[in-house]
Amino acid sequence: MIKKLFKQLKNTQFINTAFHYLAYGIARLLISTYRVRVTYAPGVDKNLMANKGVFYFWHQQIIPGMTLFFKEKATGYCVVSPSGDGKIAGFICQKLGFTVLYGSSNKSPITLLRNALKALEERNQLCIVGDGSRGPAFQLQPGIRYLAQKGNVPIIFVECSSSRHITLKKSWDQFQIPLPFSTITITIHAPEW
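Put into structure tokens, the structure is as follows:
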């Protein structure tokens, strides 16, 4: 009886919304404590972050990657998986100031490609997780290069690390959550055409 009631409550709009706001509050609180150090690979223009392009980081480093774009007050689009976890991430991204495009190589790839190209045509930045939501870890998904070529924009690797973090050892990518007051180090790499 109690299990059934809990299951029904879990799927209600109120509980989902409350959980999304709780996750956003925790993310904002964490991000506010991070110190961000941005470096640029040799020869990279320091104004690169103001240009349009496809900016990518690895799934393991989603939190440091999004921290950079939030602290830089960058606006643009981000691609998020339409999965349950993705909807939470998408809600947080929207609250941080991004326009969210839902889709993946498995779910609605044509619609996602069309919307992403439209965003790039409007001179926007597009943030994307390079190895996708399922991996393999640290291998760039081929659709990202295709998207950049079709949009006639570069892809830019955003390398992220944190001074102190928790590693989720059982996750497919060893996902990392930076601890409060960590230093987030970001290296912006040269654009690839």
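Note that the numbering used here has the sequence shown beginning at 57, numbered continuously upward.
Cβ coordinates follow ideal geometry from the N, Cα and C atoms, glycine included.
*Which residue or residues does DSSP assign as beta-bridge partners of T241?*
Its beta-bridge partners are R93, S217.
*Please classify L182: does DSSP put it in a helix, a strand, or coil?*
DSSP places L182 in strand when its eight states are reduced to three.
*asked:* Can you check which of these residues, L176, P247, P234, W249, is closest to L124 by C-alpha distance?
replied: Taking the Cα of L124 as reference, the smallest distance to any Cα among L176, P247, P234, W249 is reached at P234.
*Just checking, does the region 178-198 make contact with the region 84-97 on the three C-beta pairs under 8 Å criterion?*
Too few Cβ pairs lie closer than 8 Å, so no.
_Option nearest P247 by Cα separation, candidates S88, R91, L104_ = When S88, R91, L104 are compared, the shortest CA-CA separation from P247 is found for L104.
*Give the single residue among G146, A175, Y112 whose Cα lies nearest to the Cα of T73.*
With distances taken between Cα atoms, T73 lies closest to G146.
*Please state if the CB of H76 and the CB of I118 are separated by a distance shorter than 8 Å.*
Cβ distance not < 8 Å, so I118 and H76 don't count as in contact.
*Cβ separation of T89 and F231, assumed to be a contact under 8 Å, to the nearest whole Å*: Their Cβ separation, rounded to whole angstroms, is 19 Å, which puts T89 and F231 out of contact at 8 Å.
*For the putative contact between D229 and A193, defined by C-beta atoms under 8 Å, what is the C-beta separation to the nearest angstrom?*
Separation of the CB atoms of D229 and A193 is rounded to 4 Å, and the pair is thereby assigned contact status at 8 Å.
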